[in-house]
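As structure tokens, the structure follows; a few thoughts come after it.
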Amino acid sequence: MCLLKNIRVGSRHLKSDTDRHHYYPLFLDITGKECLIIGGGTVAERKATMLLKFNASVRVISPKATKKLIHLADTGRISLTLRKYRSGDHENAAVIFACTDDRDANRLVRENAAMQRIPVNVVDKPEECDFIVPSIIKKGDVTIAISTSGRAPMASKKIRQAIEKTITGDCVGYIRIMGAIRHYLLKTVPEKKVRRDIMKFVGSMDMDEIVRIGIAGMKRIVDSRIP
Numbered sequence: 000m001c002l003l004k005n006i007r008v009g010s011r012h013l014k015s016d017t018d019r020h021h022y023y024p025l026f027l028d029i030t031g032k033e034c035l036i037i038g039g040g041t042v043a044e045r046k047a048t049m050l051l052k053f054n055a056s057v058r059v060i061s062p063k064a065t066k067k068l069i070h071l072a073d074t075g076r077i078s079l080t081l082r083k084y085r086s087g088d089h090e091n092a093a094v095i096f097a098c099t100d101d102r103d104a105n106r107l108v109r110e111n112a113a114m115q116r117i118p119v120n121v122v123d124k125p126e127e128c129d130f131i132v133p134s135i136i137k138k139g140d141v142t143i144a145i146s147t148s149g150r151a152p153m154a155s156k157k158i159r160q161a162i163e164k165t166i167t168g169d170c171v172g173y174i175r176i177m178g179a180i181r182h183y184l185l186k187t188v189p190e191k192k193v194r195r196d197i198m199k200f201v202g203s204m205d206m207d208e209i210v211r212i213g214i215a216g217m218k219r220i221v222d223s224r225i226p
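And the structure:
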């Protein structure tokens, strides 16, 4: 999980255009893991809201917080500490988001995290980040991440909006049916090659047709192809 290859503790490591990172897309399981957010403004609010969608344990530290963050804390969805960040606050974090407009505070967060090799995202400072957060589409089990490698976040938002229009209920239903068929095959067909051949056939079918047939109909088709 450690992504801290180019950190210089105690100093800012700026990357020239020729030294820009080509970010490797990676989906992390953050279920139950502490994701620490330093800052209590609207950016921190957006981070917390998105992290909750992925079942993270969200902790926010800031002298002030938006009404929504306070509501999330009051309803037990996040942990909120109304004070400035202190060294040591990060010790149980899996990842950290520095969302303050205080450069010195962000630097302290980054330096402390670097000593324990905890990945940090500094908002609006891609050159100071160990990872960047993509523009995300999440509908059911479909998750799509779009990134411009920190060059043009607004462009990734436009691309996200264009793609989002194509992710219909049929796409979500298709994923649900395909997942059910895979589970059915794993449970009923012990031979790996047979399962693979059947899934290859199912994968060649038109998506709309699979949605129209439904799970029960697809199971009958699968049964007809089991030797």
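Note that numbering that gives the first Met the number 0 has the sequence shown beginning at 0, numbered continuously upward.
C-beta atoms are modelled at their ideal positions from N, C-alpha and C, and glycine is treated no differently.
Since the model is a prediction, treat every value here as computed from it, not as a measurement.
Looking only at C-alpha atoms, which of the options sits nearest to residue i?
| i | options | result |
| --- | --- | --- |
| F200 | D222, A161, P189, T187 | D222 |
| A97 | E163, H182, G39 | G39 |
| K63 | K32, V141, L79 | L79 |
| K138 | P152, Y173, L71 | Y173 |
| S61 | L35, T147, R76 | L35 |
| K83 | K67, L68, D101 | D101 |
| G213 | S56, P226, G178 | G178 |
| I37 | K46, E190, T30 | K46 |
| I166 | Y22, M206, L68 | M206 |
| Y183 | M204, S203, K218, A154 | K218 |
| D123 | I69, G216, V210, T99 | T99 |
| D140 | L81, M153, V171 | V171 |
Look at the alpha carbon of residue i and the alpha carbon of residue j, and state the distance between them as a whole number of angstroms.
| i | j | result |
| --- | --- | --- |
| A113 | V94 | 11 Å |
| M49 | S86 | 26 Å |
| D169 | A104 | 46 Å |
| S56 | K164 | 30 Å |
| R76 | R195 | 42 Å |
| P226 | K192 | 11 Å |
| A144 | K186 | 31 Å |
| Q115 | C128 | 15 Å |
| R21 | I176 | The sequence given here has His at residue 21, not Arg. Computed Cα separation, rounded: 35 Å. |
| R181 | L51 | 28 Å |
| K67 | R106 | 27 Å |
| V188 | R224 | 11 Å |
| G216 | D28 | 33 Å |
| I136 | L81 | 31 Å |
| K4 | E208 | The predicted position of K4 is uncertain, since its pLDDT is 38 and thus under 50; a value taken from the coordinates is nonetheless stated next. Using only the alpha carbons, I get a separation of about 47 Å. |
Please return the same chain residues whose Cβ sits closer than 7 Å to the Cβ of residue i, not counting the five positions on each side in sequence.
| i | result |
| --- | --- |
| T65 | G39, G40, T41, E44 |
| N111 | S86, H89 |
| E33 | S56, R58, N91, A92, A93 |
| T17 | Reliability of the predicted coordinates at T17 is poor, the pLDDT of 46 falling under 50, and the value obtained from them is presented with this limitation in mind. Within the same chain, T17 has no close Cβ partners at all. |
| H70 | none |
Applying the criterion that 16 or more other CB atoms from any shown protein chain within 10 Å of the CB defines a buried residue, is residue i buried or exposed?
| i | result |
| --- | --- |
| S15 | Low per-residue confidence applies at S15: pLDDT is 45, beneath 50, and the placement is therefore not dependable, though the value from the model is reported in the following sentence. That one is exposed. |
| P125 | buried |
| S203 | exposed |
| R109 | buried |
| A72 | buried |
Looking only at its own chain, which residues have a Cβ that is under 6 Å from the Cβ of residue i, when we skip the five neighbours before and after it?
| i | result |
| --- | --- |
| T142 | none |
| G149 | P125, I131 |
| A154 | T147 |
| V210 | D169, G172, Y173 |
Using only the heavy atoms of the ligand ATP, determine whether one of them is closer than 6 Å to the beta carbon of residue i.
| i | result |
| --- | --- |
| N105 | Summarising the ligand content, the structure contains no ligands, and the ligand ATP is consequently not present. |
Spatial neighbours of residue i within its chain, please: CB distance less than 8 Å, with the 5 preceding and 5 following residues excluded, ordered by chain position.
| i | result |
| --- | --- |
| L24 | Contrary to the premise, residue 24 reads as Pro rather than Leu in this sequence. For P24, where only same-chain residues beyond five positions count, the Cβ hits under 8 Å are P133, A144, S146. |
| T30 | F53, N54, A55 |
| I220 | V201, I212 |
| P152 | S134 |
| F26 | T142, A144 |
Just checking: is the beta-carbon of residue i within a distance shorter than 7 Å of some beta-carbon in chain D?
| i | result |
| --- | --- |
| K66 | In the displayed structure, chain D is absent; only one protein chain is listed. |
Using 8 Å as the cut-off, can you tell me whether the segment 145 to 163 makes contact with the segment 194 to 208, which would need three or more C-beta pairs spanning the two stretches below that distance?
The segment 145 to 163 vs the segment 194 to 208: no contact.
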